[in-house]
Amino acid sequence: MEIFGGLVSIVLVLFFLIFIFTILGAFFIVKQQTTAVVERFGKFHSIRQAGFNFKIPIIDSISGKVNLKIQQLDVMIETKTKDDVFVKLKVSVQYQVVQTAVYDAFYKLQNPYAQITSYVFDVVRAEVPKLRLDDVFERKDDIAIAVKSEIQEAMQSYGYSIIKALVTDIDPDEQVKQAMNRINSAEREKIAAEYEAEAERIKIVAKARAEAESKQLQGKGIADQRREIARGLEESVKVLNGVNINSQEASSLIVVTQHYDTLNSIGASSRSNLILLPNNPSAASDMLTNMITSFAASQHVGEQSNEAK
């Protein structure tokens, strides 16, 4: 009897524990942004939202849970462009289960990832072969829009909403990238050469302009210098005329004086290697004679021209 009583006690404890676990299994919690699909005897019964929920033990079961968060699927596709360049594209698709269409998302589609990937491959391999490589880079947004439009239309019936489709990477063949880099480098070198040539032209023009201005100022300075010399000579002649020395004799005297002043300036420096020819004692006298003869000749020619008039 004692043994029988012990077995009964064990059975009662087991039944009690089973009852407790059954009661505890009737309650379950669904996390935020998640829904639970409850089936009764293997048939869809209800969809439970986030929070504390109850189900009938043994009769009801949680068949699965559906994530309502925005998810991202990255798809790598290799295809060929219109100019026969193989290129790899990375397309990122952001999608979400429509909260009012959890039943369709759970029961109609076995593998949403594979389905979306198939549509992305189909659209990209239909759009990229129409474009050249440069156009693929420029029109990647158009490719993304085409992908989103196609997938949205197809996945909507399965309870999925496509939030965004992005072409996040375009990777041509390595040889093509090297060729593009060489083209880009050559183009930049060409632009640099053009800028350098333009800078050199500006320097040459500025230098020529500066030299022209310098020559102009130099010529003006020489003209001013000669003008002042002539004015000084004119004043000297007037002074000599005041002491009964005529203009011809005064001019000759001035020339001889300047000749000796020049010799004096040359001899003042011990390092001077200038040689003045002719340079003999009669040079000044010869110069004076030549000056008087030239002045006389010019005066005679002037008088004849006046008579002819």
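Each residue of the sequence shown is one higher than the one before, starting from 21 at the first, in this note's numbering.
Just so it is clear, CB atoms sit at the ideal spot from N, CA and C, and this is done for glycine as well.
If you're wondering where the values come from, they're calculated on a predicted model, not measured in any experiment.
| Check | Outcome |
| --- | --- |
| Distance CB(Lys-108)-CB(Pro-192) smaller than 9 Å | yes |
| Asp-161 vs Val-187 beta-carbon contact at 9 Å | yes |
| Proximity winner among Gln-92, Arg-159, Ile-78, Gly-84, relative to Ile-67 (alpha-carbon distances) | Gly-84 |
| Simplified DSSP assignment, three categories, for Ile-171 | helix |
| Contacts around Val-113, its chain only, beta-carbon distance under 6 Å, and the 5 residues preceding and following it disregarded | Leu-93, Ile-136, Ala-185 |
| Sequence-distant residues of its chain with Cβ nearer than 7 Å to Lys-100 (five each side left out) | Phe-106, Pro-149 |
| Cβ neighbours of Ala-335 in the same chain (closer than 8 Å, five flanking residues each side left out) | Not covered by the structure: residue 335. The range shown for the chain is 21 to 329. |
| Residues near Asp-103 in its chain [Cβ-Cβ closer than 8 Å; skip 5 each side] | Arg-152, Leu-153 |
| Proximity to Ile-90 [Cα-Cα], best of Ala-217, Ile-49, Tyr-180 | Tyr-180 |
| Sheet register partners of Thr-120 (DSSP bridge) | Answer is none; Thr-120 lacks a bridge partner. |
| Host beta strand (DSSP E) of Gln-20 (start-end) | Shown here, the chain extends from 21 to 329; a query on residue 20 therefore has no answer. |
| Spatial neighbours of Ser-81 in its chain, beta-carbon cut-off 6 Å, leaving aside the 5 residues before and after | Glu-59 |
| First and last residue of the uninterrupted beta strand (DSSP E) at Pro-192 | 180-192 |
| Reduced DSSP category for Phe-331 - H, G, I as helix; E, B as strand; rest coil | Residue 331 falls outside the range modelled here, since the chain spans only 21 to 329, and no answer is possible. |
| Within 9 Å, strictly: CB atoms of Met-175 and Pro-132 | yes |
| Buried/exposed call for Ile-222, threshold 16 Cβ in 10 Å | exposed |
| Burial state of Phe-126 (16 or more Cβ within 10 Å) | buried |
| 9 Å Cβ cutoff met for Val-122 and Ile-171 | no |
| Own chain residues within Cβ distance below 8 Å of Gly-71, not counting five before or after | Ile-49, Val-50 |
| C-alpha gap between Ala-199 and Asp-155, whole angstroms | 17 Å |
| Whether Phe-157 touches Ile-190 by CB criterion (9 Å) | yes |
| 9 Å Cβ cutoff met for Phe-61 and Ile-79 | yes |
| Contact set for Gln-119: own chain, Cβ-Cβ below 7 Å, skip 5 residues either direction | Leu-88 |
| Counted within 10 angstroms of its Cβ, other Cβ atoms place Ala-134 as buried (16 or more) or exposed | exposed |
| Secondary structure of Val-50, DSSP reduced to three states | strand |
| Through-space distance from Leu-237 to Ala-228, alpha-carbon basis | 14 Å |
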